[in-house]
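The block underneath contains the structure these notes are about, expressed in structure tokens.
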């Protein structure tokens, strides 16, 4: 029972971290000049939420479907207000955060 409680606490802390870091992901409006700085800042925010392996490692993304979907939704929100939304939205059916940022 104790390990379940610790697992619940860890999951709760992770969700809190993701929520905090999602506020640091800037919007991308589709401007090509802004792509590389946006990608760098987004990777940093996702990394701080301990989800960077989702982006960097296909096998890790496949084994952690919930985290992969979380990364996808972070990317989707950050591109929703401009011309870049189609770059992420094309992965809507799979909700694949790993592929969406590559």
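Residue numbers (the working numbering): 1194 to 1295. Don't be surprised by glycine CBs; every beta carbon is placed ideally from N, CA and C.
(request) Please state if the CB of residue 1226 and the CB of residue 1290 are separated by a distance shorter than 7 Å. (result) no
(request) Can you give me the Cβ contacts of residue 1231 inside the same chain, cut-off strictly under 7 Å, excluding the 5 residues immediately before and after it? (result) 1219 and 1221
(request) Can you say whether residue 1261 is buried or exposed, counting buried as having 16 or more other CB atoms within 10 angstroms of its CB? (result) Buried.
(request) Classify residue 1283 as buried or exposed, calling it buried when 16 or more other Cβ atoms lie within 10 Å of its own Cβ. (result) By the neighbour-count rule (16 or more Cβ atoms within 10 Å), residue 1283 is not buried but exposed.
(message) Using beta carbons (cut-off 7 Å, strictly below), is residue 1295 in contact with chain D?
(response) Here chain D cannot be found, since the structure has a single protein chain.
(message) Going by C-alpha to C-alpha distance, which of 1229, 1198, 1224 and 1240 sits closest to residue 1267?
(response) 1240
(request) List in chain order: all unbroken alpha helix (DSSP H) runs of 4+ residues lying wholly within the stretch 1217 to 1262. (result) 1225 to 1241, 1245 to 1249 and 1251 to 1256
(message) DSSP three-state label for residue 1293, please.
(response) The answer is helix: DSSP assigns residue 1293 an H, G or I state.
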